[in-house]
Amino acid sequence: MYTTDEKLYKKRREFLKLGTAVMLSPALIATKLNALNFIPTTQTQHKITDEKLATSYVNFYEFSTNKKEALKYAQNFSTQNWKIELSGELEKPLTLSMQDILKFQLEERIYRFRCVETWSMIVPWVGFELRKLIEFAKPTNEAKFVKFTTLLDKSQFPDQNALFPTLDYPYIEALRLDEAMHPLTLIALGMYKKPLKAQNGAPLRLVVPWKYGFKSIKSIVKIEFTKTRPQTTWELANPSEYGFYANVNPTVSHPRWSQANERALGELFTKPTLMFNGYEKEVASIYDGLDLRVNF
Ligand code: MTE
């Protein structure tokens, strides 16, 4: 009989062994995720959203603004030879493969997720704290913001190839360095104990649970460390509707609708939206002194 510690040690070794494989297929990622000991660290009192809903009711404009179409186009998405470039205010720039990324110890986090469109869900993500990647990348003292960029690939993303694309691509998001270093901020590689599906941002995405969903950028290829605040896609598209901070705030309405309530996917009735999406205790102090109405 193994003791728990031995079991964990074995699992860790299995994980490391898998890390040396040359090719990364979704099947291999699945094996890695299965080999891990999942530690649900953040519990919520609500029930987890049905997996089918969370993986089909999606926003991924590069595929399509229409949720059904997005799901359809995502089926052929290839993440082969995916690389993540880290640059800017770093000791030295680096490029990581998915094999490198999979060396970070993965864990499960059950988070609330609130879209600016007023729907919400509760998802068991698989990933690791972004701060671990940041510590590994070693930013300089000049780094104040972290900028994320989604893949630009007109052959795979129909909306990027459109005559009049919906957004100014590539999709860009950013966080203050302290937000990026917050222990709740996750790089997700999976959901529901499986690798991320293309429509949810494969092979890796950001998850910032106290902010509106559009901050949680999908299919990341570049992470840059900057001195000044980057311009982000939605802020550029419509600054009066989408602020840089985008902290979930039931008291600040979107110009065209209220943010006071939300409807969980799969549920009939709405319920009140919580300040910072319920993570007030964990994050409110990092915004001390900031006027959340001006910095919405
Ligand atoms: N990332 C990219 N690259 N493109 C997008 O269109 N949509 C955002 C965010 N990340 C989006 C994106 C929005 S508006 C939301 S609500 C979430 O992804 C949705 O995540 P989900 O589809 O996995 O629920």
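Using full-length UniProt numbering, you'd call the opening residue of the sequence shown number 1 and step up by one each time. Every residue, glycine too, gets a C-beta built ideally from N, C-alpha and C.
Buried or exposed by the 16-neighbour rule on C-beta atoms within 10 Å, applied to residue i
i: Thr65; result: exposed
i: Gly190; result: buried
i: Glu241; result: exposed
i: Leu24; result: Model confidence at Leu24 stands at a pLDDT of 48, short of 50, so the residue's coordinates are unreliable; what they give is reported in the following sentence. Answer is buried; the Cβ neighbour count reaches 16.
i: Gly266; result: exposed
i: Arg112; result: buried
i: Gln105; result: exposed
i: Asp168; result: exposed
i: Asp159; result: buried
i: Lys281; result: exposed
i: Ala162; result: exposed
i: Lys211; result: buried
i: Ala237; result: exposed
i: Phe136; result: exposed
i: Asn277; result: buried
i: Val294; result: exposed
i: Pro209; result: buried
i: Asn261; result: exposed
i: Asp291; result: exposed
i: Pro93; result: exposed
i: Val22; result: Caution applies to Val22, whose pLDDT of 37 falls short of 50 and renders its modelled position unreliable; the model cannot decide the point.
i: Ser258; result: exposed
i: Pro195; result: buried
i: Gly289; result: exposed
i: Phe269; result: exposed
i: Thr95; result: exposed
i: Ser216; result: buried
Selection from the options that minimises the alpha carbon distance to residue i
i: Lys72; options: Leu196, Phe63, Leu151; result: Phe63
i: Ala74; options: Tyr61, Asn81, Leu86; result: Tyr61
i: Leu133; options: Pro124, Thr166, Leu204, Lys197; result: Leu204
i: Lys271; options: Ala284, Met98, Pro250, Ser56; result: Pro250
i: Trp82; options: Ser258, Ala202, Gly289; result: Ala202
i: Phe214; options: Ala264, Lys103, Phe244; result: Phe244
i: Lys103; options: Leu290, Phe128, Glu117; result: Phe128
i: Arg109; options: Glu91, Trp125, Tyr279, Gly278; result: Trp125
i: Asp178; options: Gln199, Asn200, Lys144, Leu196; result: Lys144
i: Ala246; options: Met275, Ser78, Ser219; result: Met275
i: Thr49; options: Val123, Ile187, Glu85, Phe148; result: Val123
i: Gly88; options: Thr79, Glu51, Val146; result: Val146
i: residue 297; options: Tyr192, Thr95, Leu175; result: Beyond the ends of the chain as shown, which are 1 and 296, falls residue 297; an answer cannot be given.
i: Phe164; options: Lys154, Ile172, Ala284; result: Lys154
i: Asn200; options: Lys194, Val248, Lys218, Leu186; result: Lys218
i: Met181; options: Asn141, Arg263, Leu130; result: Leu130
i: Ala198; options: Lys47, Lys52, Ala70, Leu53; result: Ala70
i: Pro139; options: Phe148, Ala54, Glu91, Asp288; result: Glu91
i: Glu117; options: Ala284, Asn141, Arg263; result: Arg263
i: Pro239; options: Thr95, Leu186, Phe296, Gln80; result: Phe296
i: Phe148; options: Thr55, Thr273, Thr185, Leu175; result: Leu175
i: Gln80; options: Lys67, Lys47, Gln156; result: Gln156
i: Glu107; options: Lys68, Tyr279, Ala54, Leu184; result: Leu184
i: Thr232; options: Ser216, Glu173, Leu206; result: Glu173
i: Thr228; options: Glu142, Glu51, Leu86; result: Glu142
Beta bridge counterpart(s) of residue i as assigned by DSSP
i: Ser253; result: DSSP, once it has assigned bridges, lists no residue as partnering Ser253.
i: Pro272; result: Asn261
i: Ser64; result: Phe60
i: Asn277; result: Paired residue(s): none; Asn277 is not in a bridge.
i: Asn247; result: Lys211
Proximity test, Cβ basis, 7 angstroms: residue i and chain C
i: Leu274; result: Absent from the structure: chain C. Only one protein chain is present.
Counting only runs of 4+ residues fully inside the UniProt domain "Oxidoreductase molybdopterin-binding" (77-234), write out the alpha helix (DSSP H) ranges in chain order. If you keep only unbroken alpha helix (DSSP H) runs of at least 4 residues inside the UniProt domain "Oxidoreductase molybdopterin-binding" (77-234), you get 98-101, 130-137, 177-180.
Does the structure place the segment 223-230 close enough to the segment 251-258 that three or more beta carbon pairs sit under 8 angstroms? At 8 angstroms Cβ cutoff, the stretches do not touch.
May I ask you to verify whether the segment 45-60 touches the segment 83-99, counting CB pairs closer than 8 angstroms and requiring at least 3? Between the segment 45-60 and the segment 83-99, the count of Cβ pairs shorter than 8 angstroms is below three; the stretches do not touch.
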